[in-house]
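Protein chains in written order, with the numbering used here: chain A, 58 to 261; chain B, 58 to 261.
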DNA sequence: GTCTATAGAGGGATAGAC
DNA sequence: GTCTATCCCTCTATAGAC
């Protein structure tokens with residue numbers, strides 16, 4: 058207890074760097090980030106970045122893998138659970154995703170903007186060829202709506218969760234939404250999205 | 058006629074640079090793009106970029122404004138047309154957006170990844186405070202579904218159009234979708250999305 | 001208008017003192 | 001382990017010949 062409390066206040070140097078790197082990389086992207094920015098954000102010296110992590114790119118890879126894990130990691134076990142219905146899966150994915158994104162609002166920006174430059178990192182997480190097509194979730198959707206490509210619904214589900222966080226900065230800047238209203242809407246979406254998906258699937 | 062045909066084959070130097078800049082900036086983002094890349098892509102010399110456009114950033118601003126125009130421009134007149142119903146607007150937006158995106162599949166990546174660094178460019182396009190909240194489209198949605206924040210539906214509409222193009226590279230790399238299937242699905246979406254939105258609005 | 005050559009700044013990485 | 005000082009490469013921008 059005492060140890061943990063202390064660790065939170067007085068992080069190890071290595072952890073300070075990682076924390077600063079998370080922040081700066083996420084805000085500015087890989088190319089626009091200078092190692093000096095990270096050092097400054099961490100309140101430390103530039104040389105320490107190379108002492109703890111060999112290079113800017115190594116440090117980035119570490120952060121990236123972590124974010125990918127956050128972004129895609131939890132979904133895989135859910136998707137292949139044979140004991141839950143489609144609707145239960147949808148509810149689970151929605152609520153977990155919305156919570157994750159509310160805590161990390163710029164996760165989508167980061168992952169999506171860097172993904173095209175990093176064709177390999179996230180393959181390690183997802184491994185194996187077209188496991189997704191063979192997943193239980195996709196199979197269950199296919200049964201529910203046999204006439205349609207099931208990925209329509211997967212894309213809609215993820216899009217309705219993730220896209221608001223992408224649009225949010227734009228909408229706020231346009232004065233269309235304030236922070237509080239946005240937060241309230243995201244809460245509502247936890248129940249709205251499963252209902253929308255349900256009616257989409259039943260329409261067929 | 059003769060002149061135009063020639064112009065299309067043998068572009069002016071200025072146009073060659075812009076064309077190359079579009080390609081490279083879109084693929085790599087601003088920070089990761091080197092002016093040398095653009096010069097090479099254009100088959101020209103580096104010095105010419107600075108001759109025609111004063112600097113890398115000026116050139117970028119030009120391309121960015123152009124892309125913003127593409128991305129947001131056409132929507133504004135549609136949104137404020139008093140002579141069309143919600144459903145007609147949804148159909149119009151969907152079909153135009155899907156066509157635009159099919160021709161420029163990496164438009165979303167570009168706009169969305171650069172938007173956080175360029176808080177001002179697109180404000181010129183959208184100008185004026187919360188014009189969006191006062192738009193006819195939003196008012197019409199509010200009437201149809203009085204209990205809910207109308208931006209839920211706007212976000213869903215745009216998300217269902219745009220998000221597939223964001224996910225596409227990921228899904229292709231995971232072997233879940235091939236190019237042909239994706240193109241087919243995007244065509245289907247032109248009619249599917251309006252139907253989905255309609256049933257969402259009626260559910261309330 | 002288009003090129004070559006180069007100035008000049010910025011930023012990643014490291015040597016070496018403490 | 002942590003710091004300062006600095007190397008050196010890369011990239012933008014410009015000078016100047018043609």
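All C-beta atoms, glycine included, are put in the ideal place defined by N, C-alpha and C.
Report back the beta-carbon spacing between residue i and residue j to the nearest angstrom; my notes put them in contact at under 8 Å.
i                      : j                      : result
residue 134 of chain A : residue 223 of chain A : Not a contact, Cβ separation roughly 26 Å.
residue 82 of chain A  : residue 70 of chain A  : The pair is not a contact, with the Cβ atoms about 18 Å apart (cut-off 8 Å).
residue 171 of chain B : residue 87 of chain B  : 6 Å
residue 124 of chain B : residue 167 of chain B : 6 Å
residue 233 of chain B : residue 190 of chain A : 5 Å
residue 226 of chain A : residue 173 of chain B : 6 Å
residue 127 of chain A : residue 157 of chain A : 7 Å
residue 169 of chain B : residue 215 of chain A : About 15 Å; that fails the 8 Å criterion.
residue 187 of chain B : residue 231 of chain A : 7 Å
For residue i, count the other beta carbons within 10 Å of its own beta carbon; 16 or more makes it buried, fewer makes it exposed. Which is it?
i                      : result
residue 213 of chain A : buried
residue 102 of chain A : exposed
residue 96 of chain A  : buried
residue 240 of chain B : exposed
residue 111 of chain B : exposed
residue 244 of chain B : exposed
residue 115 of chain A : exposed
residue 207 of chain A : buried
residue 203 of chain A : exposed
residue 253 of chain B : buried
residue 262 of chain B : Not covered by the structure: residue 262 of chain B. The range shown for chain B is 58 to 261.
residue 62 of chain B  : At residue 62 of chain B the pLDDT is 44, less than 50, meaning the model places this residue with poor confidence and gives no usable figure here.
Go through its chain and collect everything with a Cβ distance to residue i's Cβ below 6 Å, but skip five positions before and after it.
i                      : result
residue 94 of chain B  : 81
residue 73 of chain A  : 99
residue 58 of chain A  : Residue placement at residue 58 of chain A is flagged as unreliable, the pLDDT there being 41, under the threshold of 50; the coordinate-derived value follows with that caveat. Answer for residue 58 of chain A: no residue qualifies.
residue 139 of chain A : 193
residue 77 of chain A  : 95, 98, 99
residue 250 of chain B : 151, 217
residue 141 of chain B : none
residue 75 of chain A  : none
residue 162 of chain B : 222
Looking only at its chain, what residues have a beta carbon closer than 8 Å to the beta carbon of residue i, apart from the 5 residues adjacent to it on each side?
i                      : result
residue 255 of chain B : 144, 147
residue 246 of chain A : 151, 155, 217, 218, 221
residue 258 of chain B : 143, 198, 201, 202, 210
residue 38 of chain A  : Look at the range of chain A in this structure, 58 to 261, and you will see that residue 38 of chain A is not part of it.
residue 236 of chain A : 229
Short of 7 Å in beta carbon distance, which residues of its chain neighbour residue i, apart from the five on each side in sequence? Order them along the chain.
i                      : result
residue 113 of chain B : 92
residue 79 of chain B  : 120
residue 117 of chain B : 82, 87
residue 132 of chain A : 150
Between residue i and the ligand ATP, is there a pair consisting of the residue's CB and a ligand heavy atom that are separated by less than 7 Å?
i                      : result
residue 193 of chain B : The ligand content of the structure shown is nil, which means the ligand ATP is not present either.
Members of the stretch 155-177 of chain A near chain B, C-beta cut-off 7 Å: 166, 169, 170, 172, 173, 176
Chain-ordered residues of the stretch 186-203 of chain A with a beta carbon less than 9 Å from chain B: 186, 187, 188, 189, 190, 195
Cβ-based contacts, 8 Å cut-off: residues of the stretch 215-231 of chain A near chain B: 215, 216, 217, 219, 220, 221, 223, 224, 226, 227, 228, 230, 231
Any alpha helix (DSSP H) of 4 or more consecutive residues that is wholly inside the stretch 205-256 of chain A: 208-230
Any alpha helix (DSSP H) of 4 or more consecutive residues that is wholly inside the stretch 126-176 of chain A: 132-136, 143-160, 164-171
Residues, ordered as in the chain, of the stretch 81-114 of chain B that lie near chain A by beta-carbon distance below 7 Å: 86, 88, 89
Runs of alpha helix (DSSP H) wholly within the stretch 78-106 of chain A (minimum 4 residues, chain order): 92-99
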